[in-house]
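Protein chains in written order, with our numbering: chain Z, 185 to 297; chain H, 36 to 148.
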């Protein structure tokens, strides 16, 4: 079975540029989560969706960050404009319900120069 | 508030040593508890879980028992291997709508031969 698929795996770009991270959840899962992981702050929940609707976006750091889930099989996390402090590994995860175990993708390693 | 506290790492062990990684939690209500493992360069994987008091989760030689009286979910393994080197995350989720996993900060385990 295909797991959670994230793209790209690696992204290097200059500050000020727009960055779009993509996620395809496991088919049939109706909850989707975006996380950011850094050495300093550990694993942070940015936002999560249930049935394509954002439930909690309190972890989104600034207005520069936005996330969408236009349908059950696709989500994006966008940073515009990007800054060096946004450099991190961004993970997407999905589950069959809010209280169910989450399945993680392999992450996108983002470097903002 | 709801939170998870893990012992700080890194934990450094020799192969075949006994492993304990402590995890305690604070939660309103009755959470489900999880251990996730993150191998280098990968996303988090569910290792084991327990959904009610006195449940024991187990997988790949790892065990953890849900102790309501001590609000703990310590991870143990009788004989670690070099391949167990990874970061281990304890997490909880409240069994109610509108909530998501709450992770501890992670504990790095390094096993040498």
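Positions of the beta carbon are idealized from the N, C-alpha and C atoms, including for glycine.
Distance, residue 110 of chain H Cα to residue 89 of chain H Cα:
14 Å
When the Cα atoms are used, what is the spatial distance from residue 195 of chain Z to residue 105 of chain H?
44 Å
Counting pairs of Cβ atoms below 8 Å between the segment 244-264 of chain Z and the segment 44-52 of chain H, do you hit three or more?
no
Consult DSSP for residue 279 of chain Z and reduce its assignment to one of helix, strand or coil.
strand
Pick out whichever of Z:204, Z:188, Z:186 and Z:187 has its Cα sitting closest to the Cα of residue 295 of chain Z.
Z:204
Residue 53 of chain H versus residue 85 of chain H - alpha carbon distance:
22 Å
Going by C-alpha to C-alpha distance, which of Z:273, Z:289 and Z:248 sits closest to residue 199 of chain Z?
Z:248
Express the C-alpha separation of residue 271 of chain Z and residue 277 of chain Z in angstroms, rounding to a whole number.
19 Å
For residue 103 of chain H, which residues from the same chain have a beta carbon less than 6 Å from its beta carbon, with the 5 sequence-adjacent residues on both sides left out?
88
So, residue 290 of chain Z versus residue 193 of chain Z, is the Cβ gap smaller than 8 Å?
yes
For the segment 122-137 of chain H, which residues have a CB atom closer than 8 Å to at least one CB atom of chain Z, in sequence order?
124, 128, 129, 130, 131, 132, 133, 134, 135 and 136
8 Å Cβ cutoff met for residue 266 of chain Z and residue 201 of chain Z
yes
For residue 75 of chain H, which option in H:121, H:51 and H:146 has the closest C-alpha, if you only look at C-alpha atoms?
H:121
Reduced DSSP category for residue 117 of chain H - H, G, I as helix; E, B as strand; rest coil
helix
Kindly indicate which three-state DSSP category residue 192 of chain Z falls into: helix, strand or coil?
coil
Other residues of its chain near residue 107 of chain H: CB distance less than 8 Å, five sequence neighbours each side excluded:
57, 58, 59 and 60
Which same chain residues, not among the five before or five after residue 275 of chain Z, have their C-beta less than 7 Å away from its C-beta?
219, 221, 288, 289 and 291
Simplified DSSP assignment, three categories, for residue 268 of chain Z:
helix
Can you list, in chain order, the residues of the segment 77-94 of chain H whose Cβ is nearer than 8 Å to any Cβ on chain Z?
77, 78, 79, 80, 81 and 84
Does DSSP classify residue 210 of chain Z as helix, strand or coil?
coil
Apply the 10 Å Cβ neighbour rule to residue 281 of chain Z and answer buried if 16 or more other Cβ atoms are within range, or exposed otherwise.
exposed
Grab me the residues of residue 96 of chain H's own chain with a C-beta within less than 8 Å of its C-beta, minus the 5 sequence neighbours each way, in chain order.
112, 113 and 114
Buried or exposed by the 16-neighbour rule on C-beta atoms within 10 Å, applied to residue 126 of chain H:
buried
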